[in-house]
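For any residue, its number in the working numbering is found by taking its place in the sequence shown, counting from 1, and adding 11.
Cβ coordinates follow ideal geometry from the N, Cα and C atoms, glycine included.
Quantities reported herein were computed from a predicted structural model and do not represent experimental measurements.
Below is one structure; the comments refer to it alone.
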Amino acid sequence: MTTKSNFHLLTFTEVAALLKTNHETGLSSDFAKEKLETEGPNQLSHDSSSNLLRSIFLNVFNPMNAILGVATVFTLYLKDWFESVVLIIVIVFNSAIGIFQEAKSEKTMQALRQMASPTAKVQRDRQIVVVPTREVVVGDVCLIELGDVVPADMRLVEAVNLEVDEALLTGEAVPVLKITAPCADTESSTDKPNYCFSSTTVTSGRGLGIVTATGLNTEVKT
């Protein structure tokens with residue numbers, strides 16, 4: 012079975028066929044609009060207030076805390092105040108650590124959202140047009156050039172001296188030279204020279220790519 016995780020093994024014409032697009036002409040505006048309605052917007056954002064409430068709920072009411080809570084009730088019943096206090100401290104500490112870690116992740120996502128370009132260049136109805144980044148959909152053929160922030164994960168169709176800074180994903184300081192040919196399988200989801208990933212930055216050249224994942228389905232999120 013072919014999934015977005017192994018599109019790098021295929022030629023870009025095979026990827027285009029699987030995604031029901033054309034690597035030379037792109038999508039039609041009408042079809043792109045339909046896909047946007049079914050797939051949802053290309054964005055990493057969630058409501059931060061609901062995220063915080065969800066984080067608190069999941070980190071307080073988890074299986075470990077439930078067990079500790081039962082033990083706390085039991086020690087209170089036995090009037091073992093010291094053990095009760097220790098258990099309550101452990102519950103609070105466990106919950107706080109989980110909430111803190113998720114808050115750090117949310118802060119990182121906010122930084123990525125601020126870094127993202129508000130617009131993207133895509134091929135619609137056989138011509139390059141500028142659209143809001145949130146309206147980029149799977150199957151779009153996207154043009155990226157020097158200085159652009161990549162709007163979504165894409166399998167490259169064209170790469171002209173294309174180099175991309177992927178430090179955000181890999182930690183590597185040296186930009187990656189991109190190619191269009193199928194590449195060997197790899198254990199790393201980001202070690203794909205024929206791919207460009209959402210939120211990375213073009214440092215040289217230009218390229219065209221077929222969008223294979225948007226928003227919360229991109230590598231930067233997963």
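So which of the options has the shortest CA-CA distance to residue i?
{"i": "residue 23", "options": "192, 39, 109, 84", "result": "192"}
{"i": "residue 169", "options": "21, 190, 71, 81", "result": "190"}
{"i": "residue 52", "options": "65, 188, 74, 130", "result": "130"}
{"i": "residue 43", "options": "25, 86, 153", "result": "153"}
{"i": "residue 211", "options": "178, 110, 184, 85", "result": "178"}
{"i": "residue 35", "options": "142, 174, 113, 134", "result": "134"}
Does the distance from the CB of residue i to the CB of residue j come in under 8 Å?
{"i": "residue 150", "j": "residue 221", "result": "yes"}
{"i": "residue 83", "j": "residue 69", "result": "no"}
{"i": "residue 227", "j": "residue 201", "result": "no"}
{"i": "residue 216", "j": "residue 183", "result": "no"}
DSSP beta-bridge partners for residue i?
{"i": "residue 187", "result": "175"}
{"i": "residue 139", "result": "134"}
{"i": "residue 212", "result": "160, 176"}
{"i": "residue 222", "result": "165"}
{"i": "residue 217", "result": "156, 171"}
May I have the straight-line CA-CA distance separating residue i from residue j, to the nearest angstrom?
{"i": "residue 186", "j": "residue 93", "result": "57 Å"}
{"i": "residue 102", "j": "residue 225", "result": "38 Å"}
{"i": "residue 146", "j": "residue 79", "result": "47 Å"}
{"i": "residue 66", "j": "residue 138", "result": "44 Å"}
{"i": "residue 194", "j": "residue 206", "result": "10 Å"}
{"i": "residue 106", "j": "residue 90", "result": "24 Å"}
{"i": "residue 12", "j": "residue 171", "result": "Note that residue 12 has pLDDT 41, beneath the 50 cutoff, so the model's placement of it is unreliable and no number is given."}
{"i": "residue 140", "j": "residue 213", "result": "19 Å"}
{"i": "residue 47", "j": "residue 128", "result": "18 Å"}
{"i": "residue 88", "j": "residue 73", "result": "23 Å"}
Determine whether the Cβ of residue i lies closer than 8 Å to any Cβ atom of chain C.
{"i": "residue 155", "result": "As a matter of chain content, chain C is missing from the structure shown, which is built from one protein chain."}
Inset, instruction - Counting only runs of 4+ residues fully inside the region 63-91, write out the alpha helix (DSSP H) ranges in chain order. - result: 74-88
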